[in-house]
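See structure below.
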Amino acid sequence: MKIKGGINKELAEIFNKIADYLRSQKVEFKPHAYQRVAISISSLEKEVSRIYKEEGLKGLMEIPGVGENIALKIEEYIKTGKVSDYEKIGKKIPPGVFEIAKIEGIGLKRAQILYKKLKIKDMNSLEKAAKKGLIAPLFGFGGKTEKNILEGIAFFKTRKDKISIAEAFLIAERIKKELLSLKEVEEISEAGSLRRRKESIGDIDIIIASKSPKKVMDFFVSLPGITKIWGKGKTKSSIQLKEGIDVDLRVVSKENYGSALLYFTGSKEHNIKIRKIAISKGLKLNEYGIYKGKKRLGGKTEKEIYSILGLSCLPPELREDKGEIEEKKIPNLLELKDIKGDLHCHSLWNGGQNKIEEIAKTAIERGYEYIGISDHTKFLKIERGLDEKQLIEQRKEIDKINVQLKGRITLLQGCECNILNDGSVDIQEKELRKLDYVIAGVHSNLKMSRDEMTKRIITAMKNPNIDIISHPTGRLINLREEYRIDFEKILKIAKETGTILEINGSPYRLDLKDIYIRRAKSIGVKMIIGSDAHEKSQTRFMEFGVFQARRGWAEEKDIINSFSLNKFLKLLKRNNQN
DNA sequence: GCCGTTTTCGGCCCGACTGTTTTCAGTCG
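If you count by my numbering, then the first sequence holds residues 218 to 795, one letter each, in order.
Listed below in structure tokens is the structure:
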């Protein structure tokens with residue numbers, strides 16, 4: 218069973234599947250151990266093969282959650298490309314059955330029942346069976362489950378072969394770095410949907426300015442990790458990477474770089490519109506430049522072209538033909554460097570991977586002025602959510618670290634408490650009041666009716682002790698739809714109550730999505746970007762939140778963690794009541 | 001299978017809810 222992706226991701230997926238399998242066999246404790254290792258390996262910065270090469274088995278065992286047994290399995294995979302225990306499972310369960318188990322409402326146990334009873338071994342055979350109504354009569358299944366299965370399959374079909382912005386961004390950074398090592402490369406940039414920072418990316422486009430296209434192309438098609446060369450020419454080459462994504466490279470002359478970048482960044486709709494403007498001015502715009510008759514007026518930079526067309530230079534994130542061309546006042550978009558703190562971080566206290574002190578030090582390295590610890594609370598047993606007593610204990614620790622780090626950073630204590638079915642939360646109000654800020658989010662019973670879920674969130678927003686709503690729509694990209702909510706109503710109440718909506722930067726969520734951010738901004742609802750880091754390196758998810766905010770036309774003034782600590786605190790509901 | 005400022009062995013992964021059941025699987029991160 219071969220899985221696409223870098224070695225850490227491959228192993229994480231194998232360990233996750235072993236965990237799923239053991240859980241379906243009712244094995245105790247081991248699934249948790251495997252799952253933990255899967256999480257910790259996938260958040261490693263270094264490839265396990267490198268750790269093994271440099272430090273051997275001992276190095277592997279220093280990875281959190283890895284003991285002797287799992288270290289040996291990692292070693293086996295590095296040496297042979299296989300984990301024999303996992304191969305044994307593969308003989309019992311076809312890979313398609315694991316896929317089926319990803320559908321909401323189906324776990325590996327039910328998938329195995331379907332395999333045994335109806336010989337269902339992939340999505341296709343599952344869909345056929347559900348449509349024929351063969352599933353509902355099975356013991357333990359029913360009409361609603363069958364309906365859920367069909368909805369789940371439909372959702373899976375819409376996601377196509379796209380990868381997340383986070384994954385595409387990191388791959389592109391790596392490739393750009395390699396290409397930049399060539400002295401023949403004069404300019405380089407990503408283009409396409411990646412440059413526009415869309416949340417999912419079909420393929421990666423890269424544009425290079427160079428006088429020696431052949432050298433650049435030869436180097437490009439010899440990069441490590443290529444599984445297929447679709448085509449190689451003087452100006453355009455296309456490859457497939459082992460991560461399962463295609464990369465297209467175009468090499469142009471420096472004179473054409475701006476026009477090529479503009480053309481290949483898109484969007485198509487944006488390009489059509491600016492070409493029409495060119496025509497209306499008696500000009501012609503293409504990927505080689507901007508022309509009046511045969512005379513070339515420019516094309517070296519994007520700015521030059523926009524200026525000839527009488528437009529301001531539009532940031533790529535806005536180029537969707539959603540009003541940016543007509544807009545008189547182009548927003549001065551938020552930038553990563555504007556961010557002064559991260560208020561959504563989980564610590565070791567609730568099952569995160571790092572001590573508060575380590576998170577604080579990472580925040581100092583990131584240049585933040587403040588950092589907030591917002592651990593889950595007690596309703597989420599599986600996350601070891603904190604109760605009132607533990608919050609009081611945690612405060613003591615935070616106070617102590619604040620003294621140690623005085624002058625370097627300020628730590629705040631918050632929590633991410635749970636909005637229960639009736640809109641109340643799982644921590645007593647008087648304890649919430651003692652915190653510096655409170656985030657509340659929905660983490661359970663996600664399939665409520667639209668009215669009930671809207672009411673549930675609104676009740677929480679009306680609570681004077683709740684400052685921020687985390688991941689307000691609850692979607693997981695490619696995995697789970699939003700809660701059914703009346704978002705307009707939620708915006709209205711957010712504005713009235715001064716509740717802040719989060720833009721969750723985790724690549725799995727990116728919630729709020731771009732159109733909601735733009736809508737919130739237009740109404741004047743304040744937002745905050747949180748990394749939702751469960752491991753210190755994940756604080757970099759802030760950047761993906763900033764991308765998302767930029768696509769939503771957000772400026773510094775719309776995002777409250779771009780404010781200095783004092784201004785930020787003054788904006789919180791708790792500090793703003795008469 | 002991992003882990004140790006109580007431990008090198010005995011803890012760890014709990015509970016409320018939904019759908020479909022009459023005991024259970026799956027979902028929330």
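Glycine is no exception: its CB is placed at the ideal position from the N, C-alpha and C atoms.
query = Taking the runs of the alpha helix (DSSP H) that are 4 residues or longer, which of them lie wholly in the stretch 392-418?
reply = Secondary structure in the stretch 392-418: the alpha helix (DSSP H) runs of 4 residues or longer, each lying completely within the stretch, are 409-412 in chain order.
query = For Ser-857 versus Cys-632, is the C-beta distance shorter than 8 Å?
reply = For residue 857 there is no data in the structure shown, the boundaries of the chain being 218 and 795.
query = Do you know how far the Cα of Ala-250 is from the Cα of Lys-299?
reply = In the first sequence, residue 299 corresponds to position 82, counting from 1. In the first sequence, residue 250 corresponds to position 33, counting from 1. Roughly 20 Å between the two C-alpha positions.
task = Express the C-alpha separation of Lys-557 and Lys-730 in angstroms, rounding to a whole number.
result = In the first sequence, residue 730 corresponds to position 513, counting from 1. In the first sequence, residue 557 corresponds to position 340, counting from 1. Near 22 Å, if we compare the C-alpha coordinates of Lys-557 and Lys-730.
Pairwise C-alpha distance: Lys-345 and His-727 = Looking up residue 727 in the first sequence gives position 510. Looking up residue 345 in the first sequence gives position 128. A small fix is needed here, since residue 727 is Leu in this sequence, not His. When rounded, the distance between both Cα atoms is 33 Å.
Buried or exposed by the 16-neighbour rule on C-beta atoms within 10 Å, applied to Ala-737 = One-based indexing of the first sequence puts residue 737 at position 520. Ala-737 is classed as buried because its beta carbon has at least 16 other beta carbons within 10 Å across all chains shown.
task = To the nearest angstrom, report how far apart Met-218 and Pro-311 are at their CA atoms.
result = Your numbering for residue 218 matches position 1 in the first sequence. Your numbering for residue 311 matches position 94 in the first sequence. For Met-218, the predicted structure reports a pLDDT of 34, less than 50, and the residue's modelled location is therefore unreliable. A value from the coordinates is still provided. CA-CA distance, Met-218 to Pro-311, rounds to 9 Å.
message = Looking at the secondary structure, which residues open and close the alpha helix (DSSP H) in which Lys-613 lies?
response = The residue you call residue 613 lines up with position 396 of the first sequence. DSSP places Lys-613 inside the alpha helix (DSSP H), whose first and last residues are 605-621.
request  = Specify whether the stretch 384-396 and the stretch 507-520 touch according to this definition: at least 3 beta carbon pairs, one from each stretch, less than 8 Å apart.
outcome  = Put simply, the stretch 384-396 does not touch the stretch 507-520. Fewer than three CB pairs are less than 8 Å apart.
request  = Output the residue ranges of the beta strand (DSSP E) runs that lie fully inside the stretch 614-668 and measure 3 residues or longer, sorted by chain position.
outcome  = Every beta strand (DSSP E) of 3 residues or more that sits fully in the stretch 614-668 is shown, in chain order, as 627-635, 656-658.
ask   = By Cβ distance, which residues of its chain are closer than 8 Å to Leu-603, with the 5 residues on each side in sequence left out?
value = On the first sequence, position 386 is the one that residue 603 refers to. The beta carbon of Leu-603 sits closer than 8 Å to the beta carbons of Trp-566, Asn-567, Asp-592, His-593, Thr-594, Lys-595, Gln-611, Cys-632 from its chain, once the five residues preceding and following it are set aside; these are given in chain order.
message = Going by C-alpha to C-alpha distance, which of Phe-481, Gly-475, His-487, Ile-522 sits closest to Lys-498?
response = The count along the first sequence starts at 1 and reaches residue 498 at position 281. Comparing alpha-carbon positions, the option among Phe-481, Gly-475, His-487, Ile-522 lying closest to Lys-498 turns out to be Ile-522.
message = Which complete alpha helix (DSSP H) runs does the stretch 297-368 hold, if anything under 4 residues is left out?
response = For secondary structure counted as the alpha helix (DSSP H) over 4 or more consecutive residues, the stretch 297-368 holds these complete runs in sequence order: 301-309, 312-317, 325-335, 340-348.
message = Does Ile-235 come out as helix, strand or coil in the three-state DSSP assignment?
response = Residue 235 sits at position 18 when you count from the first residue of the first sequence. Per DSSP, reduced to three states, the secondary structure at Ile-235 is helical.
Cα-Cα separation between Gly-222 and Leu-458, rounded to whole angstroms = Position 5 of the first sequence, counted from the start, is the residue given in the question as residue 222. Position 241 of the first sequence, counted from the start, is the residue given in the question as residue 458. Low per-residue confidence applies at Gly-222: pLDDT is 49, beneath 50, and the placement is therefore not dependable, though the value from the model is reported in the following sentence. Distance between the alpha carbons of Gly-222 and Leu-458 is about 9 Å.
query = From Leu-782, Ala-477, Gln-645, Asn-503, pick the residue whose C-alpha is nearest to that of Ile-405; which is it?
reply = For the purposes of this step, residue 405 is taken as the residue at position 188 of the first sequence. Closest by alpha carbon: Ala-477.
request  = Enumerate in chain order the residues of its own chain whose CB-to-CB distance from Thr-756 is below 8 Å, with the five nearest sequence positions on each side excluded.
outcome  = Numbered from 1 along the first sequence, position 539 holds the residue referred to as residue 756. Residues Asp-559, Cys-562, Ile-576, Thr-579, Ala-580, Arg-583, Ser-748, Ala-750 of the same chain have their beta carbon placed closer than 8 Å to that of Thr-756, with the five preceding and five following residues left out of the count.
task = For Leu-718, count neighbouring C-beta atoms within 10 Å of its own C-beta (all shown protein chains included) and say buried if the count is 16 or more, exposed if not.
result = Here residue 718 is taken as the residue at index 501 of the first sequence, counted from 1. Leu-718 is buried by the Cβ-count criterion.
query = Where does Ile-220 land, buried or exposed, given buried means 16+ other C-beta within 10 angstroms?
reply = Position 3 of the first sequence holds residue 220. Model confidence at Ile-220 stands at a pLDDT of 36, short of 50, so the residue's coordinates are unreliable; what they give is reported in the following sentence. The Cβ neighbour count for Ile-220, taken over all protein chains shown within 10 Å, is under 16; the residue is labelled exposed.
ask   = When the Cα of Tyr-733 is compared with those of Gly-419, Ser-260, Asp-703, which residue comes out closest?
value = Working through the first sequence from its first residue, we reach residue 733 at position 516. Comparing Cα positions, the closest option is Asp-703.
task = Determine which residues share a DSSP beta bridge with Glu-719 and list them.
result = Taking the first residue of the first sequence as position 1, residue 719 is located at position 502. Among the bridge pairs identified by DSSP, Glu-719 is matched with Ile-745.
inquiry  = What does the alpha-carbon distance come out to for the pair Met-744 and Lys-539?
reply    = The count along the first sequence starts at 1 and reaches residue 744 at position 527. The count along the first sequence starts at 1 and reaches residue 539 at position 322. Distance between the alpha carbons of Met-744 and Lys-539: 21 Å.
query = Applying the criterion that 16 or more other CB atoms from any shown protein chain within 10 Å of the CB defines a buried residue, is Thr-452 buried or exposed?
reply = The count along the first sequence starts at 1 and reaches residue 452 at position 235. Flag for Thr-452 reads exposed.
Run of the beta strand (DSSP E) containing Gln-457, from where it starts to where it stops = One-based indexing of the first sequence puts residue 457 at position 240. Judged by DSSP secondary structure, Gln-457 falls within the beta strand (DSSP E) whose first and last residues are 453-458.
task = Name the two residues that bound the continuous alpha helix (DSSP H) containing Ile-573.
result = Locating residue 573 in the first sequence gives position 356, where the first residue counts as 1. For Ile-573, the enclosing alpha helix (DSSP H) stretches over residues 573-582.
key: Rounded C-alpha distance that separates Leu-786 from Ile-777   = Position 569 of the first sequence holds residue 786. Position 560 of the first sequence holds residue 777. Going from the Cα of Leu-786 to the Cα of Ile-777 covers about 9 Å.
key: Cβ pair Val-265, Asn-233 closer than 8 Å   = Position 48 of the first sequence, counting from 1, holds the residue named residue 265. Position 16 of the first sequence, counting from 1, holds the residue named residue 233. For the 8 Å CB-CB criterion, Val-265 and Asn-233 do not form a contact.
ask   = Near Lys-268, which residues of its chain fall below 7 Å by C-beta distance, leaving aside the five closest residues on each side in sequence?
value = Taking the first residue of the first sequence as position 1, residue 268 is located at position 51. According to the sequence shown, residue 268 is Ile rather than Lys. Contacts found: Gly-276, Leu-277.
Asp-616, buried or exposed, once every other Cβ within 10 Å from all chains shown has been counted against 16 = Working through the first sequence from its first residue, we reach residue 616 at position 399. Result: exposed.
ask   = What do you get for Pro-441, buried or exposed, if any count of 16 or more other CB atoms within 10 angstroms of its CB means buried?
value = As a working mapping, residue 441 is identified with position 224 in the first sequence. In this structure Pro-441 is exposed. Its beta-carbon is surrounded by fewer than 16 other beta-carbon atoms within 10 angstroms.
message = Short of 7 Å in beta carbon distance, which residues of its chain neighbour Gln-630, apart from the five on each side in sequence? Order them along the chain.
response = Along the first sequence, read from residue 1 onward, the residue named residue 630 stands at position 413. Correct list, in chain order: Ile-590, Gln-611, Arg-612, Ile-615, Leu-652, Asp-653.
message = Tell me which residue opens and which closes the alpha helix (DSSP H) that Asn-783 is part of.
response = The residue given as residue 783 occupies position 566 in the first sequence. Element bounds for Asn-783: 782-788.
key: Which of helix, strand or coil DSSP assigns to Ala-750   = Locating residue 750 in the first sequence gives position 533, where the first residue counts as 1. Ala-750: strand per DSSP, three-state reduction.
message = Helix, strand or coil, according to DSSP, for Asp-420 in the structure here?
response = Here the question's residue 420 lines up with position 203 in the first sequence. In the structure shown, Asp-420 adopts coil according to DSSP, grouped into three states.
query = Going by alpha carbons, who is nearest to Arg-412 out of Phe-780, Ile-636, Glu-504, Arg-767?
reply = Within the first sequence, residue 412 is the residue found at index 195, counting from 1. Per the Cα distances, Arg-767.
request  = For Asp-237, collect the residues of the same chain with a Cβ closer than 6 Å to its Cβ; drop the 5 residues on either side in sequence, then sort them by chain order.
outcome  = Counting from one through the first sequence, the residue named residue 237 turns up at place 20. The residues are Leu-325.
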